[in-house]
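Have a look at the structure below, then the notes.
Protein chains: 4
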Amino acid sequence: MTLTIGVDVGGTKVAGGVVDPDGKVLARTRRDTPAEDVAKTRDVIVDVVTELAASHPVTAVGIGAAGWIDAARSTVLFAPNIAWRDEPLRDYVSAAVELPVIVENDANVAAWAEFRYGAARHADDSMIMFTVGTGIGGGIVLGGELVRGAHGIAAELGHMLAVPSGHLCGCGRLGCIEQYASGHALVRFARAGARQEPDRATGLLALAGGDAELITGPMVTAAAQAGDPVSQHAFAQIGHWLGIGLADMVQILDPQVLVLGGGVVEAGDLLLGPTRRSYVEALAQRGRLPVAELRPAELGNTAGMVGAADLARRR
Amino acid sequence: MTLTIGVDVGGTKVAGGVVDPDGKVLARTRRDTPAEDVAKTRDVIVDVVTELAASHPVTAVGIGAAGWIDAARSTVLFAPNIAWRDEPLRDYVSAAVELPVIVENDANVAAWAEFRYGAARHADDSMIMFTVGTGIGGGIVLGGELVRGAHGIAAELGHMLAVPSGHLCGCGRLGCIEQYASGHALVRFARAGARQEPDRATGLLALAGGDAELITGPMVTAAAQAGDPVSQHAFAQIGHWLGIGLADMVQILDPQVLVLGGGVVEAGDLLLGPTRRSYVEALAQRGRLPVAELRPAELGNTAGMVGAADLARRR
Amino acid sequence: MTLTIGVDVGGTKVAGGVVDPDGKVLARTRRDTPAEDVAKTRDVIVDVVTELAASHPVTAVGIGAAGWIDAARSTVLFAPNIAWRDEPLRDYVSAAVELPVIVENDANVAAWAEFRYGAARHADDSMIMFTVGTGIGGGIVLGGELVRGAHGIAAELGHMLAVPSGHLCGCGRLGCIEQYASGHALVRFARAGARQEPDRATGLLALAGGDAELITGPMVTAAAQAGDPVSQHAFAQIGHWLGIGLADMVQILDPQVLVLGGGVVEAGDLLLGPTRRSYVEALAQRGRLPVAELRPAELGNTAGMVGAADLARRR
Amino acid sequence: MTLTIGVDVGGTKVAGGVVDPDGKVLARTRRDTPAEDVAKTRDVIVDVVTELAASHPVTAVGIGAAGWIDAARSTVLFAPNIAWRDEPLRDYVSAAVELPVIVENDANVAAWAEFRYGAARHADDSMIMFTVGTGIGGGIVLGGELVRGAHGIAAELGHMLAVPSGHLCGCGRLGCIEQYASGHALVRFARAGARQEPDRATGLLALAGGDAELITGPMVTAAAQAGDPVSQHAFAQIGHWLGIGLADMVQILDPQVLVLGGGVVEAGDLLLGPTRRSYVEALAQRGRLPVAELRPAELGNTAGMVGAADLARRR
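Chains as they are written, first to last, in the working numbering: chain A, 1 to 315; chain B, 316 to 630; chain C, 631 to 945; chain D, 946 to 1260.
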């Protein structure tokens, strides 16, 4: 039984695990991310791998990290929350731990984990996953393989255009879907709703000490679950745009399964309901033709670790 | 040297050719399409194949047709301009001509031809093609293979959303990109421009006998090439939206090459110029990262025949 | 007691009435409109006035007609459904009937009637009316007077922009609110809905003999009242845009009252409900400041006749 | 010759002047605004009036201030940059200076000044002015009178909807025109352009020390005037939306003259050119009908003082 290590490098934590071929995590460890210190972050990754490799006979290491990774899966071209620029992460870690290493985008590894062991494990060919956290990431599997793109930068699903001349995106363009369907958008919609209609947002405002500017994503989820109408409407708004984005994926790639993952998905039917309605409406013109089933992600936080480990096994 | 037959089934013509492994058409023939008679259309296809097979030793037949084709490439589920509904075209033709047959969507076969022998022949892995005729079709090649989708209906690129609540599409939804970037849209923009600013559209209106409602696509192309500003602006308008759609393809799939084909492309730089500007602007946030080169299609009308024949060879 | 005649010139009927200062119609008559014969249409108007004037001592005549009327209220510059172009209607009728005549836009006279005798009769200063028929007309009263504009062409409320790059309007521009909030839009939304989701539109399709293309406005109203969800959604869609247009009127002119009139309003709360929700939501940022009350028109078909007569009295 | 005082209360300065019936400023004074101290701000206004009244025989005082003023022109309901809430400013100042006082919105007084003495002085009936500073204010004159609205809050032209689901406005709604056509939008467009295409924004970035986030409005104006293409494009973008907003004013109110004022207008043809093109294009469907002339404001910073004084004279 081949064991591999998966490492999920986040902006605040580096989490590693030993994963078996069934996707089971046999051991795990985690460290804080010294995000502003490039060299220390590398060494924390090496520490995590070294610790896990000491107790398990592993054959390879997979690292998942937010950012643009090159097509060879060796260099982090740019990372949004760590100070990496053209960082040759694969070779550094490989030399230090004396194991083969691959580096992969975090949304890609999560999608791969869901394809192999999670919400799309019954699919044998294709799935597309939207990972909706603060921003929106994506992962695409076609023909049983992750689509990495000619330059390693496919599946940037958050930067499809949703609204021409729409809200300014962090990327500099107006109207990317990330500005309408992400956790960031959820909070923006909820704050606007609470300012406009405070009488209908009493539950949400109570959590924020009465100040709409202090509303956070977890508050919107909690208030929505407790019945707060402004919070529920904020979920309906992002679900509307998610459904449109998912429907575009069907028009373009016609996958077997669509998966919705990321922290925002914890809201369950509060998000899935409106998303599904919008998705079905946007595809109504397909008539009675089959379209991809839409499912919530199942692996939660461990998806990154499991997906990275599995990709390392298959390198 | 294996020879195969490619048949391009259009709404007005059925064109067939014998194609060699270098993509050369060794012989060809064509018939009118009896589009409203399902049985006769089948028989015309059989006639075309039989005629060509009589003079060349062919091993297989590929048929390209507008419409939704099932994942097994055997049945036309729905065709927009022929009265086929769940038509088992592969088995009928195969039995009649005693050769293996595959059926494929017309935009897919054209894209495949450009990938193998045309504008993207230097690409070894991935390309995406927008075929801009009256409507918009698409073809996607990834990993050196045509992406057909889980249900055979991938690459319906004309039905990505461009404008929320936008112009009514023939599919029933508001705002599909086909309503902004197709030949149909070109004519609509040109007619509206000529009605609004007749003094700037004298060249175009002269071609239409003075009546904006009689403006056709070829008139817009001719007038634009002769310097008519309203016609040139109509090309700029569809180019703007095409650039946005192409940029979305980069965000989603990061291909090696993008190809723009179909009848509208005959306008050359009148269309390619604005398309390229819009494409570059929409991707400006990628900074210095490489993105797909954008090229015009090279094979023109023979793409369908050549692509269908090549897919039959590789079946 | 001064009596005047009001004449409502429509595309199919010319209806005239003798109206007293309380807005009561004391006598009325109607003729078919020979819409394609300019001279005959003039004479039908003269006939209607002559008949009414024979039995009542009237002092002036007001004529309401669709189209652009000049600032002097004498000439029809352009009419959409009658072949008038720069038609000196006032002087022709006045010479024939030997009475003072004014000509006014049909939506303006209807708005004036509602201001004086209908839904806005309690307002002493300002009201704005959207007349939603096949298209959208408007009327604006400020300072107790009809706003006619510097060139006689104010209150073309149907041609405010609703959706940039939106649906093509008959006027040649993309995205006018008339394309989203008129009776024409209602039918378009309903047909699209019935095509997309026939199972939810069985009531509506039954009225149209099963063919979505044969759906008419009265069918949508009837089906919506009987509970058909696709028809109700079509009303919700136009109500959404009407609410936005009405809210813009508050931002621009802050009137005492807003009135919604025209044939589509017969649907009652099916239209008023969604309109009011959208209106309130669009103005939520005004907080607790007062905004104009939104009311349905009260005078129905007689508004044109009554308003024209009253404007003639006040000429 | 009646003299009156006009006071322009801004967020940083209180400027007062003695104005004669020809709109000439005979004397002026200014103080800093203690914006966070409501009582002190009142007293600064009183000081300014007292100083001016000591040397000139004035008969009334007009005060222009940003914010919502009640219909009686006595109370500031809400001010965006001074801590006034339901502030009875008229009565306080009137009691202190023993003169009649009126309070009016700052964009209204500026529009009135342009109507009487500035860019629209040749108009005898109607004009509409967009004041484009950081935000967008408006003023409407119809029938020779300022349109104040039923509740004193007309002409909030910055909060007409421009883009459905567009950029979040400070008012809480998505897509107000202020988010696309104001000085704030100019800076946002310029920053985004400089981030996306730094090679084309070298002139602009040089002014900002190389950091796009430090770009300010005056920098964009200076760079645009020096030929910086990204800065010029930012002006073209806001001009596009201004033209659409101005065209909507023609559709709604058909005024004699449209005036564009506010600090952004100092860019001259860099802004007026694109604005005029967009305005003309949006109204092209009116064909050969006359539409309002579009002119830049002429009075600059003194418009507020002059307009307030003139309204006080006419109270």
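We treat Cβ as the ideally placed atom computed from N, Cα and C, and that holds for glycine.
Problem - Same chain, Cβ closer than 7 Å to Gly-433/B, five either side skipped, listed in chain order - result: The residue given as residue 433/B occupies position 118 in the second sequence. If we look at Gly-433/B and ignore the five residues flanking it on each side, its Cβ neighbours are Ala-612, Glu-613, Leu-614 and Ala-618.
Problem - Sequence-distant residues of its chain with Cβ nearer than 7 Å to Val-817/C (five each side left out) - result: Residue mapping note: residue 817/C aligns to position 187 of the third sequence, counting from 1. Excluding residues within five positions, the ones whose Cβ falls inside 7 Å are Ile-845, Thr-846, Gly-847 and Val-850.
Handout entry: Distance between Thr-449/B and Gly-554/B (C-alpha atoms, nearest Å)
Key = As a working mapping, residue 554/B is identified with position 239 in the second sequence. As a working mapping, residue 449/B is identified with position 134 in the second sequence. Distance from the CA atom of Gly-554/B to the CA atom of Thr-449/B, rounded to whole angstroms, is 15 Å.
Practice task
Using the DSSP secondary-structure output, state which residues sit across from Cys-171/A in a beta bridge.
Solution key: Along the first sequence, read from residue 1 onward, the residue named residue 171/A stands at position 171. Note: Cys-171/A is not bridge-paired with any residue in the DSSP secondary-structure output.
Practice task
Inspect the beta-carbon positions of Leu-1106/D and Gly-1083/D and report whether they are closer than 8 Å.
Solution key: In the fourth sequence, the residue the question calls residue 1106/D occupies position 161. In the fourth sequence, the residue the question calls residue 1083/D occupies position 138. Result no, Cβ atoms of Leu-1106/D and Gly-1083/D do not sit closer than 8 Å.
Exercise for the section: Would you decide whether Ala-741/C is buried or exposed? Buried here means 16 or more other CB atoms lie within 10 Å of its CB. Expected result: For the purposes of this step, residue 741/C is taken as the residue at position 111 of the third sequence. Buried, since its Cβ has 16 or more Cβ neighbours within 10 Å.
Practice task
Tell me, to the nearest whole angstrom, how far the beta carbon of Gly-490/B is from that of His-482/B; I am working on the premise that it is less than 8 Å.
Solution key: Taking the second sequence and counting its residues from 1, one reaches residue 490/B at position 175. Taking the second sequence and counting its residues from 1, one reaches residue 482/B at position 167. With 8 Å as the limit, Gly-490/B and His-482/B qualify as a contact, their Cβ atoms being about 6 Å apart.
Practice task
Look at the Cβ atom of Gln-886/C, then the Cβ atom of Gln-196/A, and state whether they are nearer than 8 Å.
Solution key: One-based indexing of the third sequence puts residue 886/C at position 256. One-based indexing of the first sequence puts residue 196/A at position 196. The answer is no: Cβ separation not under 8 Å.
Practice task
Indicate, with yes or no, if the ligand NAP has a heavy atom lying under 7 Å from the CB of Ala-820/C.
Solution key: With respect to the ligand NAP, the structure offers nothing, as it holds no ligand at all.
Practice task
Could you run through the stretch 1084 to 1105 of chain D and flag, in chain order, every residue whose CB is less than 9 Å away from some CB of chain C?
Solution key: Ile-1085, Leu-1087, Gly-1088, Glu-1090, Val-1092, Arg-1093, Gly-1094, Ala-1095, His-1096, Gly-1097, Ile-1098, Ala-1099, Ala-1100, Glu-1101, Leu-1102, Gly-1103, His-1104 and Met-1105
Exercise for the section: Pull up the distance between the alpha-carbon of Gln-1177/D and that of Gln-1170/D, whole angstroms please. Expected result: Here residue 1177/D refers to the residue found at position 232 of the fourth sequence. Here residue 1170/D refers to the residue found at position 225 of the fourth sequence. Computed Cα separation, rounded: 8 Å.
Exercise for the section: Identify the continuous alpha helix (DSSP H) that holds Thr-832/C and give its terminal residues. Expected result: The residue given as residue 832/C occupies position 202 in the third sequence. Element bounds for Thr-832/C: 832 to 837.
Handout entry: Proximity test, Cβ basis, 8 Å: Ser-908/C and chain A
Key = For the purposes of this step, residue 908/C is taken as residue 278 along the third sequence, with counting starting at 1. Cβ-Cβ to chain A under 8 Å: no for Ser-908/C.
Handout entry: Contact check, Gly-143/A vs Gly-458/B, beta carbons under 8 Å
Key = The residue labelled residue 143/A in the question sits at position 143 within the first sequence. The residue labelled residue 458/B in the question sits at position 143 within the second sequence. Yes.
Exercise for the section: Would you list the one or two residues that DSSP bridges to Leu-294/A? Expected result: Residue 294/A sits at position 294 when you count from the first residue of the first sequence. Under DSSP, Leu-294/A takes part in a beta bridge, and its partners are Leu-258/A.
Practice task
Kindly provide the ranges of any beta strand (DSSP E) runs that are 3 or more residues long and lie completely inside the stretch 1056 to 1119 of chain D, ordered along the chain.
Solution key: 1072 to 1077 and 1081 to 1087
Exercise for the section: Output, in chain order, the set of chain C residues within a Cβ distance shorter than 9 Å of Ser-94/A. Expected result: Translated into the one-based positions of the first sequence, residue 94/A becomes position 94. Those do not exist, as Ser-94/A stays about 51 Å from chain C at its closest Cβ, beyond 9 Å.
Exercise for the section: Taking a Cβ distance cut-off of 7 Å, strictly less, list which residues of the stretch 1179 to 1197 of chain D are near chain C, in chain order. Expected result: Ile-1189, Asp-1193, Gln-1196 and Ile-1197
Problem - Selection from Asp-125/A, Asp-211/A, Leu-253/A and Arg-30/A that minimises the alpha carbon distance to Leu-52/A - result: One-based indexing of the first sequence puts residue 52/A at position 52. When Asp-125/A, Asp-211/A, Leu-253/A and Arg-30/A are compared, the shortest CA-CA separation from Leu-52/A is found for Arg-30/A.
Exercise for the section: Identify the continuous alpha helix (DSSP H) that holds Ile-1183/D and give its terminal residues. Expected result: The sequence position of residue 1183/D within the fourth sequence is 238, counting from 1. From DSSP, the alpha helix (DSSP H) with Ile-1183/D extends over 1174 to 1198.
Handout entry: Pick from Pro-710/C, Ala-684/C and Ala-690/C that is closest to Thr-642/C, judged by C-alpha positions
Key = In the third sequence, residue 642/C corresponds to position 12, counting from 1. Ranked by how close their Cα comes to the Cα of Thr-642/C, the residues Pro-710/C, Ala-684/C and Ala-690/C have Pro-710/C in first place.
Practice task
Report yes or no: is there a C-beta of chain B within less than 8 Å of the C-beta of Ala-676/C?
Solution key: Start at 1 with the first residue of the third sequence, and residue 676/C comes out as number 46. As written in the sequence, residue 676/C is Val, which differs from the Ala given in the question. Output row for Val-676/C: interface = no.
Exercise for the section: Taking 8 Å as the threshold, find out whether the stretch 287 to 295 of chain A comes into contact with the stretch 38 to 57 of chain A through three or more Cβ pairs. Expected result: no
Exercise for the section: Confirm, please, whether the CB-CB distance from Val-688/C to Leu-776/C is below 8 Å. Expected result: Against the third sequence, residue 776/C aligns to sequence position 146. Against the third sequence, residue 688/C aligns to sequence position 58. Result no, Cβ atoms of Leu-776/C and Val-688/C do not sit closer than 8 Å.
Exercise for the section: With DSSP as the reference, label Thr-705/C as helix, strand or coil. Expected result: Sequence index remark: in the third sequence, residue 705/C carries index 75 (1-based). Correct three-state label for Thr-705/C: coil.
Handout entry: According to DSSP, residues forming a beta bridge with Lys-958/D
Key = Here residue 958/D corresponds to residue number 13 of the fourth sequence, with the count starting at 1. Asp-977/D.
Exercise for the section: For Ala-998/D, decide whether its Cβ has a neighbour in chain C, counting only Cβ atoms nearer than 8 Å. Expected result: Locating residue 998/D in the fourth sequence gives position 53, where the first residue counts as 1. Chain C contact via Cβ: absent.
Problem - Same chain, Cβ closer than 7 Å to Leu-961/C, neighbours up to 5 away in sequence not counted - result: Not covered by the structure: residue 961/C. The range shown for chain C is 631 to 945.
Exercise for the section: Determine the DSSP secondary structure at Val-672/C, reduced to helix, strand or coil. Expected result: As a working note, residue 672/C is residue 42 in the third sequence. A small correction: the amino acid at residue 672/C is Arg; Val does not occupy that position in the sequence shown. Arg-672/C falls in the helix class under three-state DSSP.
Problem - Min CB distance Ala-284/A to chain C below 8 Å - result: Residue numbering aside, residue 284/A sits at position 284 when the first sequence is read from its first letter. So, interface residue.
Exercise for the section: Answer yes if the stretch 118 to 132 of chain A comes into contact with the stretch 257 to 276 of chain A, meaning at least three C-beta pairs across the two stretches below 8 Å, and no otherwise. Expected result: yes
Exercise for the section: For Asp-755/C, return the contacting residues in chain D, with the cut-off set at a CB-CB distance below 8 Å. Expected result: In the third sequence, the residue the question calls residue 755/C occupies position 125. Within chain D, the residues near Asp-755/C are Ala-1095.
Handout entry: Arg-715/C classed as buried or exposed, judged by whether at least 16 other C-beta atoms fall within 10 angstroms
Key = Start at 1 with the first residue of the third sequence, and residue 715/C comes out as number 85. So Arg-715/C counts as exposed.
Problem - Spatial neighbours of Asp-650/C in its chain, beta-carbon cut-off 7 Å, leaving aside the 5 residues before and after - result: Stepping through the third sequence from its first residue, residue 650/C is reached at position 20. Counting only Cβ-Cβ distances below 7 Å, and skipping sequence neighbours, we find Met-631, Leu-633 and Leu-656.
Problem - Between the CA atoms of Ala-155/A and Asp-440/B - distance to the nearest angstrom - result: Indexing the second sequence from 1 puts residue 440/B at position 125. Indexing the first sequence from 1 puts residue 155/A at position 155. Cα to Cα, Asp-440/B sits roughly 17 Å from Ala-155/A.
Exercise for the section: Compute the distance between the beta-carbons of Gly-1009/D and Asp-953/D, then report whether it is under 8 Å. Expected result: Position 64 of the fourth sequence, counted from the start, is the residue given in the question as residue 1009/D. Position 8 of the fourth sequence, counted from the start, is the residue given in the question as residue 953/D. Cβ atoms of Gly-1009/D and Asp-953/D: closer than 8 Å.
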